[in-house]
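Q: Protein chains in written order, with our numbering: chain A, 41 to 126; chain B, 7 to 335.
Backbone N, C-alpha and C fix where the C-beta goes; we use that ideal spot for every residue, glycine too.
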Amino acid sequence: MRAAASQFRSKADRVATVSSRLATQLGSMTFAGPAADQFRSAVSWEQHRLKVIASALAQAADVLNQGAARVEADPLGFYGAQGGAS
Amino acid sequence: MMIVIDPSELVAASDTLRSCAIESADIGTQLWSCAQCAMPGDIQGVVDQLVAAADRVLDEIGSQLSLRATDLANRAQIAANDSLVAANEAQALTGLLPSTVVNGVFGSAVTVLTPAGSPAESIFGGTMTIAGANPDVVSLAGSPFTTMTIGGNPLTGLFDSWTLDSATIGGNDVSGLTAGWTLDSATIGGNDVSGLTAGWTLDSATIGGNDLSRLTDGWIPAMTTFSLGAPDRSQGTLSGVFALAQLQDNLNRDITNRVSAIAADPNSSPYALRVGFRALDAVAYTGQHTLAPSLQEVYDRNGGWIPDSEVRLNYPGTLDYPITNILIP
Chain A
41 MRAAASQFRS KADRVATVSS RLATQLGSMT FAGPAADQFR SAVSWEQHRL KVIASALAQA
101 ADVLNQGAAR VEADPLGFYG AQGGAS
Chain B
7 MMIVIDPSEL VAASDTLRSC AIESADIGTQ LWSCAQCAMP GDIQGVVDQL VAAADRVLDE
67 IGSQLSLRAT DLANRAQIAA NDSLVAANEA QALTGLLPST VVNGVFGSAV TVLTPAGSPA
127 ESIFGGTMTI AGANPDVVSL AGSPFTTMTI GGNPLTGLFD SWTLDSATIG GNDVSGLTAG
187 WTLDSATIGG NDVSGLTAGW TLDSATIGGN DLSRLTDGWI PAMTTFSLGA PDRSQGTLSG
247 VFALAQLQDN LNRDITNRVS AIAADPNSSP YALRVGFRAL DAVAYTGQHT LAPSLQEVYD
307 RNGGWIPDSE VRLNYPGTLD YPITNILIP
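(1) Please state the DSSP three-state secondary structure of B/Ala-82.
(2) Name the two residues that bound the continuous alpha helix (DSSP H) containing B/Asn-308.
(3) Taking only beta-carbon atoms, is A/Gly-67 less than 8 Å away from chain B?
(4) Would you tell me roughly how many angstroms separate the C-alpha atoms of A/Ala-56 and A/Gln-106, rounded to the nearest one?
(5) Put B/Pro-276 into one of helix, strand or coil per three-state DSSP.
(6) Would you say A/Glu-86 faces chain B, with C-beta separation under 8 Å as the test?
(7) For A/Val-83 and B/Ile-49, which I take to be in contact (beta-carbon distance under 8 Å), what is that distance rounded to the nearest angstrom?
(8) For B/Gln-302, is the classification buried or exposed, using 16 other Cβ atoms within 10 angstroms of its Cβ as the cut-off for buried?
(9) Since A/Ala-44 contacts B/Ala-58 with CB under 8 Å, what's their CB separation in whole angstroms?
(10) So, are the CB atoms of A/Ile-93 and B/Val-53 less than 8 Å apart?
(11) Using the C-alpha atoms, what's the distance from A/Leu-66 back to A/Ala-108?
(12) Please classify A/Phe-79 as buried or exposed, where buried requires at least 16 other C-beta atoms within 10 Å of its C-beta.
(13) Rank A/Lys-51, A/Asp-114, A/Thr-64, A/Ser-59 by C-alpha distance to the C-alpha of B/Leu-37 and give the top, closest one.
(14) Nearest by alpha-carbon distance to A/Ala-96: which of B/Ile-67, B/Leu-56, B/Asp-61 is it?
(15) Any beta carbon from chain A within less than 8 Å of B/Ala-79's own beta carbon?
(16) Nearest to B/Glu-15 by CA position, among B/Ser-275, B/Ala-75, B/Asn-308, B/Pro-322, is which residue?
(17) Taking Cβ positions only, does B/Pro-46 come closer than 8 Å to chain A?
(18) Output the distance between the C-alpha atoms of A/Met-69 and B/Thr-35, rounded to the nearest integer angstrom.
(19) Helix, strand or coil for B/Leu-23 per DSSP?
(20) Starting from the beta carbon of B/Arg-62, find every residue of chain A whose beta carbon is closer than 7 Å, and list them in chain order.
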């Protein structure tokens, strides 16, 4: 679970990197006019969605880490059995 | 309106967006493998839901970024050729775009000018004018323009699915105009509009030409205002429309006469008067399309010649021949 959490954290970082690249691209473009406004608005929205996803993936990593901690604190496996561990 | 574009930069931006699109979709796919390890059921449920949602949204984002990347690439190419137009005009040339223009969006020998005659920067601004001796406009599908003027002979390559607020089309041969245009209004002039097919969606249209014989019935229902002008109005399926307009005109006159009689009758009840006047309101509303009689018909109705001022007053549209209007609002 900690390994999975690490993977989720890694994916969150990659998503954040994509979002950051988009922000950099938007900020550096010489592109003005109605089409440019529409473009910036659309890409900004996608950038916003990427941020939300990065945040959600980071939260998933936290959940997995917390779950791993609970499993480690329960050597008899009671937590996992109760929760229907797979 | 100032529009600034650096084509080379747009190409680079397009590459970045495409890369981000691929990356987003790839992350979404890989998320599933992250969720495969053994974990308590309650956590598994949360993670599975999150992965499913994130994968779907990442796919959407990838798709959107890919579309934007393509759009940027197209604009970059258009802008690059637009610079050629500007350069040509600066050299007092015709401003014709070269034959290999714009990723296949325009064909050969197309002049793209703003209404003011300046080069084609404004094609991004919602207005475009295409004029020329032979504008073979092979494809403008998905045009972003809200207003456009098209003139030339012929216009054989115009494709469907344009979305325009208004269009002015002039030319001797618009036979290639296909169904599926979505226009709030259109002005079409030419000697042969025989290729105009059914299925246009127009709120209004003005059409002039010598041969309207092939205008099909599918046009008419979609139009709220429709003006036709042509020396020969006798041809084709539109005769049925004229007959309907005449019928409507007759009905309107009949209703008006009956209500006038009610109003003139001192014994008419207030209820009858109200109903009558409401009927007149309805006539005014539905009578937007009135068949304007010919000048000879007007003379016949009035027992001989009457001055134009009186004709114009009582029969608006009659003197507009041959430009407009048979059906007048």
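A: Well, looking at it:
(1) In the second sequence, the residue the question calls residue 82 of chain B occupies position 76. Looking at B/Ala-82 - three-state DSSP - the assignment turns out to be helix.
(2) Residue 308 of chain B sits at position 302 when you count from the first residue of the second sequence. Per DSSP, B/Asn-308 belongs to no alpha helix (DSSP H) and is neither H nor E.
(3) The residue given as residue 67 of chain A occupies position 27 in the first sequence. Judged by the 8 Å Cβ criterion, A/Gly-67 is not in contact with chain B.
(4) Reading the first sequence from its first residue, position 16 is the one you call residue 56 of chain A. Reading the first sequence from its first residue, position 66 is the one you call residue 106 of chain A. Between A/Ala-56 and A/Gln-106, the alpha-carbon positions lie close to 23 Å from each other.
(5) What you label residue 276 of chain B is simply residue 270 of the second sequence in a count that begins at 1. Looking at B/Pro-276 - three-state DSSP - the assignment turns out to be helix.
(6) Taking the first sequence and counting its residues from 1, one reaches residue 86 of chain A at position 46. Yes - at least one Cβ of chain B is within 8 Å of the one on A/Glu-86.
(7) Your numbering for residue 83 of chain A matches position 43 in the first sequence. Your numbering for residue 49 of chain B matches position 43 in the second sequence. The pair is not a contact, with the Cβ atoms about 34 Å apart (cut-off 8 Å).
(8) As a first step, residue 302 of chain B must be located in the second sequence, where it is residue number 296. Exposed is the call here.
(9) As a position in the first sequence, residue 44 of chain A is number 4, starting the count at 1. As a position in the second sequence, residue 58 of chain B is number 52, starting the count at 1. Rounded to whole angstroms, the Cβ separation of A/Ala-44 and B/Ala-58 is 16 Å, and the two are not in contact under 8 Å.
(10) Position 53 of the first sequence holds residue 93 of chain A. Position 47 of the second sequence holds residue 53 of chain B. Against a cut-off of 8 Å, the Cβ pair of B/Val-53 and A/Ile-93 comes out as no contact.
(11) Counting from one through the first sequence, the residue named residue 108 of chain A turns up at place 68. Counting from one through the first sequence, the residue named residue 66 of chain A turns up at place 26. One C-alpha to the other measures close to 40 Å.
(12) Counting from one through the first sequence, the residue named residue 79 of chain A turns up at place 39. Under the 10 Å beta carbon count, A/Phe-79 is surrounded by 16 or more other beta carbons and is classified as buried.
(13) One-based indexing of the second sequence puts residue 37 of chain B at position 31. It is A/Lys-51.
(14) Counting from 1 along the first sequence, the entry for residue 96 of chain A is found at position 56. That would be B/Leu-56, whose Cα lies nearest to the Cα of A/Ala-96.
(15) Taking the first residue of the second sequence as 1, we reach residue 79 of chain B at position 73. False, the Cβ-Cβ gap to chain A never drops below 8 Å.
(16) Here the question's residue 15 of chain B lines up with position 9 in the second sequence. Comparing Cα-Cα distances from B/Glu-15 to each of B/Ser-275, B/Ala-75, B/Asn-308, B/Pro-322, the minimum goes to B/Ala-75.
(17) Here residue 46 of chain B refers to the residue found at position 40 when the second sequence is read from its first residue. Interface residue, yes.
(18) Counted from its first residue, the first sequence places residue 69 of chain A at position 29. Counted from its first residue, the second sequence places residue 35 of chain B at position 29. C-alpha separation (whole angstroms): 30 Å.
(19) Here residue 23 of chain B corresponds to residue number 17 of the second sequence, with the count starting at 1. Looking at B/Leu-23 - three-state DSSP - the assignment turns out to be helix.
(20) Taking the first residue of the second sequence as position 1, residue 62 of chain B is located at position 56. Neighbours of B/Arg-62 on chain A: none; closest Cβ ~10 Å, over 7 Å.
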